[in-house]
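Structure, as C-alpha cells:
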Amino acid sequence: MRNTIAMLAAAGVVATLATPLLAATPAEEKDTFQTYFKARFPDVPFQEFANGSYAIDPIGRENWEAIEEFPPYETAIDNGHEMWDTPFANGKTYKDCFPDGPGIESRYPHWDKERGMVVTLPLAINECREANGEKPLKYLKGPIGDLLAYMAFESRGQVIDVQIPDDDPRAMEAYEKGKQVWFARRGQFNFSCASCHAANSGTTLRTEILSPALGHATHFPVYRSKWGEMGTLHRRFTGCFKQVRAKPYKPQGEEYRDLEYFLTYMSNGLELNGPGARK
Amino acid sequence: MPTRRCSAGARAVSAAALLTLATPFARADMPQMELNGNAEAGREIAMDRSKGNCIACHLIVGGESPGAIGPALIAIQPRFHTKEAVAKQVWDATVRNPEAVMPPFGKHEILTEQEFKDVVEFVWSL
Amino acid sequence: MTIRRFAAGALTAVMLVALPITASWAAHRTDAEAAIATAKAANEKAAAAGIDTKETAAMIEQAQALLPARQYTKAIDIANQAQKEDEFAMSQAATAAEGQVAAELDREDAASEKVKAEEAIAAAEWARKKAASVGGEWRDTAKMIKDADTAVKTGEFDKALELATKAKHQGELGYAQAMAEADADFPSYMHPKQ
Chain A
746 MRNTIAMLAA AGVVATLATP LLAATPAEEK DTFQTYFKAR FPDVPFQEFA
796 NGSYAIDPIG RENWEAIEEF PPYETAIDNG HEMWDTPFAN GKTYKDCFPD
846 GPGIESRYPH WDKERGMVVT LPLAINECRE ANGEKPLKYL KGPIGDLLAY
896 MAFESRGQVI DVQIPDDDPR AMEAYEKGKQ VWFARRGQFN FSCASCHAAN
946 SGTTLRTEIL SPALGHATHF PVYRSKWGEM GTLHRRFTGC FKQVRAKPYK
996 PQGEEYRDLE YFLTYMSNGL ELNGPGARK
Chain B
234 MPTRRCSAGA RAVSAAALLT LATPFARADM PQMELNGNAE AGREIAMDRS
284 KGNCIACHLI VGGESPGAIG PALIAIQPRF HTKEAVAKQV WDATVRNPEA
334 VMPPFGKHEI LTEQEFKDVV EFVWSL
Chain C
33 MTIRRFAAGA LTAVMLVALP ITASWAAHRT DAEAAIATAK AANEKAAAAG
83 IDTKETAAMI EQAQALLPAR QYTKAIDIAN QAQKEDEFAM SQAATAAEGQ
133 VAAELDREDA ASEKVKAEEA IAAAEWARKK AASVGGEWRD TAKMIKDADT
183 AVKTGEFDKA LELATKAKHQ GELGYAQAMA EADADFPSYM HPKQ
C-alpha cells in the first residue's frame, strides 16, 4: 500500500513538473516567486532581500557592513559622475539622451514596442554613445561599470516596477523566454539558476552561502571583491554560466536581456540599492 | 526527507521518472561496468574541486569545509543497499529524483570511467 | 689356376663392389654439377632481387671450370660457397624489404589514424554547432575541439581522437539537454502549498 502511494506521489511530482503553472499570469508568477522566498526566509524583512546573502548570513553581514563604511564602489561613482558630465566629441552629453538625469534606473529594463525588444540601461547607454559618434563601451567590465554605478547611486530608493504591456504579445514572449532561461538546466553540471538560487538558497556551497534570487536585480553594478573591480549584471550571468560549465550567451544579447527582464520583474516592489558590494 | 525503504515501489518510481524524462540520447542509462574502483583514489576525487568535488555539497567525514546542499555521505550501505544503486545515483541523480540538483557525473562525462568507479567505491565505503 | 690369379680376381671383384659403395667420400661429377646448378639458381634469384652477384657468379664459373679437371670436391666447395653468399645477401635484402613494407604499412596506418581523427573532429564540430543552435552549448566543447586539432598537427592521433570523441559527446548531451529543458518553468517545490 505504501509502495503504491509512494509511486502515485512520485508520479504526481513528475506530472506537475511536466506541466507549467497552468495559466498563471506574470503577476501571479511573481507572487509565487516572492512567496516562496518569504516562506524560505521568514525572518528576513522584504526589503532586506535586496542585500542578498547578507540578509541571511550574520557573519557575512557584519563584514559587509564594515566594508560599506568605506564602500569599494565610491571611486566608481565618482568616475561615473565625471563621465556623465564630460561632453562627447560632438559637444553633446549623456543628458541629451537622458533628459531626466542619471536617476532613471527604475525605467529599465523595459519593453520597447517600436523595436520589439527588451531595452536595458547598459544597452541604452551604448546606443546614446553611438548616436553621438562615440565608441560603445564593453558590457562586462570597465568604464560602463563606473557610469552605471553613478546612475545606480542616483537611483537608490526607486521601486522596481517592470511592466509587461498587455498590448504587445511579444513582450509576454520575452518574459516567458527569460523565465525559461532562468529555470532551464544547462551546462555540463546540469544546474539551472533555480538549482542554486531557489532550491538551495541559504545553503552552503562549500563555505559560500547561496543568495536567494529575490533581490538579485536591485544592486548592480556590483563591486565584487573576487573581481577587484565593478561588474555588471550580465557579467555575473556570464560567470554563473561558466561555473556550471555552460557557454555564456552574448552580453546584452537577446537571451540575457530577456533573462534580465524576467529576473527584474520578479523583484518588483523592492527598492533599488545599487551599486552594491559583494564578496 | 523520510528514509527510503528499498522496495519495488522505489524501483517503480525510478522507472516512471525515467520514462517521463526519456531522452533519445542513449547514454542516459548507465552502461554495464564492473564496479571495482579504488576507494582511496575515490576519496581524492571526492575532495578535488576540479573533479568530483563532492565535498562542495555533501558532508564527508574527514573533509574540510563541506557544503550542506546534499545529505551527508554517511551510512551509505543501509541507505542504498547495493553498490550499483550508489553508482546509478552518481551516474545521474535525476533518475531517482527529477528535481535533484546533483550533476550527472557519469552521464555528462564529468568524471572518466575510472574516476567514476573509484568515487563509487569510496562513497560505498562511507 | 693359381692362387695368385684367384686372389687378384677376388681383390678386383671386391674393389669393384666396395669402392663404389665406399667412395662416397669421393665427389662425383654429378654431385659437382648438381652443386653448381643450385648455386646458379640462387645466383639468378639474387640478381633478380637486385643484389650485386658479380663475385658469386665468378665463383660459379670457377667451379664450372674445375669439372674437366675432375676436381669435383673443390668445385662443390666453391659452388656451395657462392650459393651461401647469394642466399645470405637475399635474406638481408628481404629483411630490409620487409622493413620497407612495414614502414609503408605504418605510414598507411598513420594516414588512416589521421583520417579517423579528422573525421572525429568534424563530427564533434557538427555536434557543437547543433547544441549551439538551441542555446545548449557547453563551456569546454570548443576548446576540446581546438586541442584535438592541435594534436593532429603534432601527430598525436590517438589523443586527437579521444578529445574529439569527448567533444562530440558534449555537443550531443548539450543538445539533448536544451531540448529537454525547452519548457522549463516553475518547479513543483515553488508552487504554493495547498
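Protein chains in written order, with the numbering used here: chain A, 746 to 1024; chain B, 234 to 359; chain C, 33 to 226. In this text, a Cβ means the ideal position worked out from N, Cα and C, and glycines have one as well.
Problem set entry | Members of the segment 158-178 of chain C near chain A, C-beta cut-off 8 Å | A164, G167, G168, E169, W170, R171, D172, T173 and A174
For this session: Please name the residue, chosen from M176/C, A107/C and A121/C, that lies closest to A66/C on a Cα-to-Cα basis.
Result: For the purposes of this step, residue 66/C is taken as the residue at position 34 of the third sequence. Of the candidates M176/C, A107/C and A121/C, the one whose C-alpha sits nearest the C-alpha of A66/C is A107/C.
For this session: Specify the secondary structure class of W972/A as computed by DSSP and reduced to three states.
Result: Position 227 of the first sequence, counted from the first residue, corresponds to residue 972/A. Three-state DSSP puts W972/A in coil, outside helix and strand.
Exercise. Within the 9 Å Cβ cut-off, does Y221/C reach chain A?
Worked result: Locating residue 221/C in the third sequence gives position 189, where the first residue counts as 1. So yes, Y221/C belongs to the interface.
Exercise. If you check the beta carbons only, do P230/C and A943/A fall under 9 Å apart?
Worked result: With chain C represented from 33 up to 226, any question about residue 230/C goes unanswered, as that position is not in the structure.
Exercise. By a C-beta neighbour count over all protein chains shown, 10 Å radius and 16 as the cutoff for buried, is V907/A buried or exposed?
Worked result: To locate residue 907/A, count along the first sequence from 1; it is residue 162. V907/A is buried by the Cβ-count criterion.
Problem set entry | Buried versus exposed, by CB contacts within 10 Å (16 or more), Q933/A | For this step, residue 933/A is matched to residue 188 along the first sequence. Counting Cβ neighbours within 10 Å, Q933/A comes out buried, since at least 16 surround it.
Problem set entry | Rounded straight-line distance, which links the Cα of Q209/C to that of P257/B | The residue labelled residue 257/B in the question sits at position 24 within the second sequence. The residue labelled residue 209/C in the question sits at position 177 within the third sequence. Residue placement at P257/B is flagged as unreliable, the pLDDT there being 39, under the threshold of 50; the coordinate-derived value follows with that caveat. Each residue's alpha carbon lies about 10 Å from the other.
Problem set entry | Cβ-based contacts, 9 Å cut-off: residues of the segment 769-793 of chain A near chain C | A769, E774, D776, T777, F778, T780, Y781 and A784
For this session: Along the beta strand (DSSP E) that carries D857/A, what are the first and last residues, could you check?
Result: Translated into positions along the first sequence, residue 857/A becomes position 112. H855 to D857 is the span of the beta strand (DSSP E), which, as asked, contains D857/A.
For this session: Check the Cβ of H291/B against every Cβ in chain C and list those closer than 9 Å, keeping chain order.
Result: Stepping through the second sequence from its first residue, residue 291/B is reached at position 58. Per Cβ cutoff of 9 Å: no residues; H291/B is ~20 Å from chain C at best.
Exercise. Quick one, are the C-beta atoms of Y892/A and Y839/A less than 9 Å apart?
Worked result: In the first sequence, counting from the first residue as 1, residue 892/A sits at position 147. In the first sequence, counting from the first residue as 1, residue 839/A sits at position 94. Sequence check: residue 892/A is Leu here, not Tyr. Yes, the pair counts as a contact, with Cβ atoms nearer than the cut-off.
Problem set entry | Coil, strand or helix - L950/A by DSSP | Start at 1 with the first residue of the first sequence, and residue 950/A comes out as number 205. Strand at L950/A.
Exercise. Under 7 Å Cβ-Cβ, which residues of chain B neighbour K198/C?
Worked result: Translated into positions along the third sequence, residue 198/C becomes position 166. Correct list: E342.
For this session: Find the nearest neighbour of S166/C within the set A142/C, M211/C and K178/C, judged by alpha-carbon distance.
Result: In the third sequence, residue 166/C corresponds to position 134, counting from 1. Checking the sequence, you will find Val at residue 166/C rather than Ser. Among A142/C, M211/C and K178/C, the Cα nearest to that of V166/C belongs to M211/C.
For this session: May I ask which residues mark the beginning and end of the beta strand (DSSP E) holding V864/A?
Result: Against the first sequence, residue 864/A aligns to sequence position 119. Counting along the chain, the beta strand (DSSP E) containing V864/A begins and ends at M862 to V864.
Problem set entry | Run of the alpha helix (DSSP H) containing R981/A, from where it starts to where it stops | As a first step, residue 981/A must be located in the first sequence, where it is residue number 236. Per DSSP, R981/A belongs to the alpha helix (DSSP H) from L978 to Q988.
Exercise. Closer than 7 Å, Cβ to any Cβ of chain B: which residues of the segment 182-212 of chain C, in chain order?
Worked result: K198, H201, E204, L205, A208 and A212
Exercise. Starting from A101/C and walking both ways along the alpha helix (DSSP H), at which residues does that stretch end?
Worked result: Residue 101/C sits at position 69 when you count from the first residue of the third sequence. Note, A101/C: premise wrong, no alpha helix (DSSP H); not H, not E.
Problem set entry | Residues of its chain near W809/A, where Cβ-Cβ distance is below 6 Å and the 5 sequence neighbours each way are ignored | As a working mapping, residue 809/A is identified with position 64 in the first sequence. Once the five neighbours on either side are set aside, the close Cβ partners of W809/A are Y799.
For this session: For E332/B, return the contacting residues in chain C, with the cut-off set at a CB-CB distance below 8 Å.
Result: As a working mapping, residue 332/B is identified with position 99 in the second sequence. Within 8 Å Cβ-Cβ: P219, S220 and Y221.
Exercise. DSSP state of F258/B, grouped into three classes?
Worked result: Position 25 of the second sequence, counting from 1, holds the residue named residue 258/B. For F258/B, the predicted model reports a pLDDT of 44, less than 50, meaning its position is unreliable; a value from the coordinates is still stated below. Here F258/B sits in coil by DSSP.
Exercise. Nearest chain B C-beta to C941/A closer than 9 Å, yes or no?
Worked result: Position 196 of the first sequence, counted from the first residue, corresponds to residue 941/A. Output row for C941/A: interface = yes.
Exercise. What residue range is occupied by the uninterrupted beta strand (DSSP E) comprising G275/B?
Worked result: Position 42 of the second sequence holds residue 275/B. Taken as a continuous stretch (DSSP letters only), G275/B belongs to no beta strand (DSSP E), being part of the alpha helix (DSSP H) at A272 to M280.
Exercise. Between L978/A and E850/A, is the Cβ-Cβ spacing less than 9 Å?
Worked result: One-based indexing of the first sequence puts residue 978/A at position 233. One-based indexing of the first sequence puts residue 850/A at position 105. It is not a contact, given that the beta carbons lie outside the stated cut-off.
Exercise. What residues match up with W357/B in a beta bridge as DSSP calls it?
Worked result: Locating residue 357/B in the second sequence gives position 124, where the first residue counts as 1. Answer is none; W357/B lacks a bridge partner.
For this session: Give the interface partners of I278/B over in chain A, defined as CB-CB distance under 9 Å, in chain order.
Result: In the second sequence, counting from the first residue as 1, residue 278/B sits at position 45. In chain order: nothing, as chain A lies at least about 16 Å away.
Exercise. What are the boundary residues of the beta strand (DSSP E) that G1021/A is part of?
Worked result: In the first sequence, the residue the question calls residue 1021/A occupies position 276. Note, G1021/A: beta strand (DSSP E), G1021 to R1023.
Problem set entry | Straight-line gap, A129/C to M122/C (C-alpha atoms, nearest Å) | Along the third sequence, one-based indexing puts residue 129/C at 97. Along the third sequence, one-based indexing puts residue 122/C at 90. Rounded to whole angstroms, A129/C to M122/C spans 10 Å at the Cα level.
Exercise. Cβ of P311/B less than 9 Å from any chain A Cβ?
Worked result: Position 78 of the second sequence, counted from the start, is the residue given in the question as residue 311/B. Answer no: the Cβ-Cβ gap between P311/B and chain A never drops below 9 Å.
For this session: Would you mind working out which of A1022/A, L885/A and M1011/A sits nearest F782/A, comparing C-alpha positions?
Result: The residue labelled residue 782/A in the question sits at position 37 within the first sequence. The residue with the shortest Cα to Cα distance from F782/A is M1011/A.
Problem set entry | Inter-residue spacing [alpha-carbon to alpha-carbon] between A320/B and G303/B | Residue mapping note: residue 320/B aligns to position 87 of the second sequence, counting from 1. Residue mapping note: residue 303/B aligns to position 70 of the second sequence, counting from 1. Whole-angstrom Cα-Cα distance: 16 Å.
For this session: Below 8 Å on the Cβ atoms is my guess for P1035/A versus W856/A; work out the distance and round it to an integer in Å.
Result: Because chain A is modelled from 746 through 1024, residue 1035/A falls outside the range shown and cannot be assessed.
Exercise. To the nearest angstrom, how far is it from the Cα of G960/A to the Cα of V356/B?
Worked result: Within the first sequence, residue 960/A is the residue found at index 215, counting from 1. Within the second sequence, residue 356/B is the residue found at index 123, counting from 1. For G960/A and V356/B, the distance between alpha carbons rounds to 37 Å.
For this session: Examine chain B for any beta-carbon lying closer than 9 Å to the beta-carbon of L988/A, and answer yes or no.
Result: In the first sequence, residue 988/A corresponds to position 243, counting from 1. First, the amino acid is wrong: residue 988/A is Gln here, not Leu. It does not; no Cβ of chain B falls within 9 Å.
Problem set entry | C-beta contact flag for F723/A and Y968/A at 9 Å | Given that chain A is displayed from residue 746 to residue 1024, the structure contains no residue 723/A and the question cannot be resolved.
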